[in-house]
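Asks:
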Amino acid sequence: MSEEKALNQCSGVIHSEPVQRYGDSDDEPMVYEKHKDYATSVRQSRDNLIAEGVDPGSIIFQSDLRNRILRREDESRADFAKRYVETVNAMIGRGITILNDQCTTQVVASRFRTADGRVFDLGPESWA
Numbered sequence: 001m002s003e004e005k006a007l008n009q010c011s012g013v014i015h016s017e018p019v020q021r022y023g024d025s026d027d028e029p030m031v032y033e034k035h036k037d038y039a040t041s042v043r044q045s046r047d048n049l050i051a052e053g054v055d056p057g058s059i060i061f062q063s064d065l066r067n068r069i070l071r072r073e074d075e076s077r078a079d080f081a082k083r084y085v086e087t088v089n090a091m092i093g094r095g096i097t098i099l100n101d102q103c104t105t106q107v108v109a110s111r112f113r114t115a116d117g118r119v120f121d122l123g124p125e126s127w128a
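Positions 1 to 128 (UniProt numbering) are the ones given, in order, by the sequence shown.
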C-alpha cells in the first residue's frame, strides 16, 4: 500500500481511482454530427430549378424574407405578424417559391399547437 493510501485510510478519506473513459472529460471538445447541410442543399435545389428554366425572381430563401418584409416603426408585434403571414401567403399565391434555408436539425416537428389550442398536423410527406 502506498504511503498516501495508508495516510488516507487512517484519516478516513476514501481513495478511489478515476474512472474516466475517452469522451467523458469536460475538457474535450464535444462533436456533433450534422447529418445534412440544409442551406447548401436548398441552394443546390434553387440552382437546379433555375437550370430547368424557372424564373430566378420567383425563388427566394426564407432567410431573405426578413429583408423583404420589414416591421414598421409604429406597428405592433401582432399587426406585424399578421401582415407577415398575409404577405407570405400572397407571395405563394403569385407562384413565388420560398425555400427553407434555415433548418438546423435532422428532425423537424410536423405537428404544431397554437396558443388557443388549435392543432396543425402537417403529415409525414409535408416536407415541413
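C-beta: ideal position from N, C-alpha, C; glycine also.
Exposed or buried, what is E52 when buried is set at 16 or more other beta-carbons lying within 10 Å of its beta-carbon?
Replies: Within the sequence shown, the letter at position 52 stands for residue 52. E52 comes out exposed.
Asks: Can you grab the Cα-Cα spacing for the pair Y84 / I60, in whole Å?
Replies: By one-based count along the sequence shown, residue 84 stands at place 84. By one-based count along the sequence shown, residue 60 stands at place 60. Their Cα atoms are separated by approximately 15 Å.
Asks: For a quick check, are the C-beta atoms of Q62 and Q102 less than 8 Å apart?
Replies: One-based indexing of the sequence shown puts residue 62 at position 62. One-based indexing of the sequence shown puts residue 102 at position 102. Against a cut-off of 8 Å, the Cβ pair of Q102 and Q62 comes out as a contact.
Asks: How many angstroms separate the CA atom of R68 from the CA atom of G117?
Replies: Your numbering for residue 68 matches position 68 in the sequence shown. Your numbering for residue 117 matches position 117 in the sequence shown. Taking the straight line from one Cα to the other gives about 31 Å.
Asks: Helix, strand or coil for I92 per DSSP?
Replies: Taking the sequence shown and counting its residues from 1, the one referred to as residue 92 is at position 92. Residue state, collapsed to three classes: helix.
Asks: Span of the beta strand (DSSP E) holding I59?
Replies: As a first step, residue 59 is located in the sequence shown; it is residue number 59 there, counting from the start. I59 to F61 is the extent of the beta strand (DSSP E) around I59.
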